[in-house]
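Numbering (our numbering), first residue to last: 985 to 1068.
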């Protein structure tokens, strides 16, 4: 698993993730039946994990999609050039 997130981005993810996680957890203590707070806590925890590992699955998927699209464009350009 190759890191795809920079150091500054990782630090921002960690600090904001802990902030969201702490806020959601504190609110969940009072209102335990709120699904949005639980979702917020999960998202905050995910951002902390992304910052620690410096790997973001969504960034990985976006990079893979861009590579695939670039390959398709290159193939199309090659076929257009050979037809002319």
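Virtual Cβ for every residue (Gly too), placed ideally from N, Cα, C.
Note that the structure is predicted; figures quoted are calculated from it, not measured.
Expected contact under 8 Å - CB spacing of residue i and residue j to nearest Å
i: residue 1025; j: residue 999; result: Their Cβ separation, rounded to whole angstroms, is 16 Å, which puts residue 1025 and residue 999 out of contact at 8 Å.
i: residue 1005; j: residue 1012; result: The pair is not a contact, with the Cβ atoms about 10 Å apart (cut-off 8 Å).
Pair within 8 Å by beta-carbon distance, residue i and residue j
i: residue 1040; j: residue 1034; result: yes
i: residue 1032; j: residue 990; result: no
i: residue 988; j: residue 1047; result: yes
i: residue 1010; j: residue 1038; result: no
Residue i classed as buried or exposed, judged by whether at least 16 other C-beta atoms fall within 10 angstroms
i: residue 997; result: buried
Between the CA atoms of residue j and residue i - distance to the nearest angstrom
i: residue 1049; j: residue 1036; result: 25 Å
i: residue 1065; j: residue 1053; result: 18 Å
i: residue 985; j: residue 1044; result: 10 Å
Option nearest residue i by Cα separation, candidates the options
i: residue 1003; options: 1057, 1044, 1029 and 1016; result: 1029
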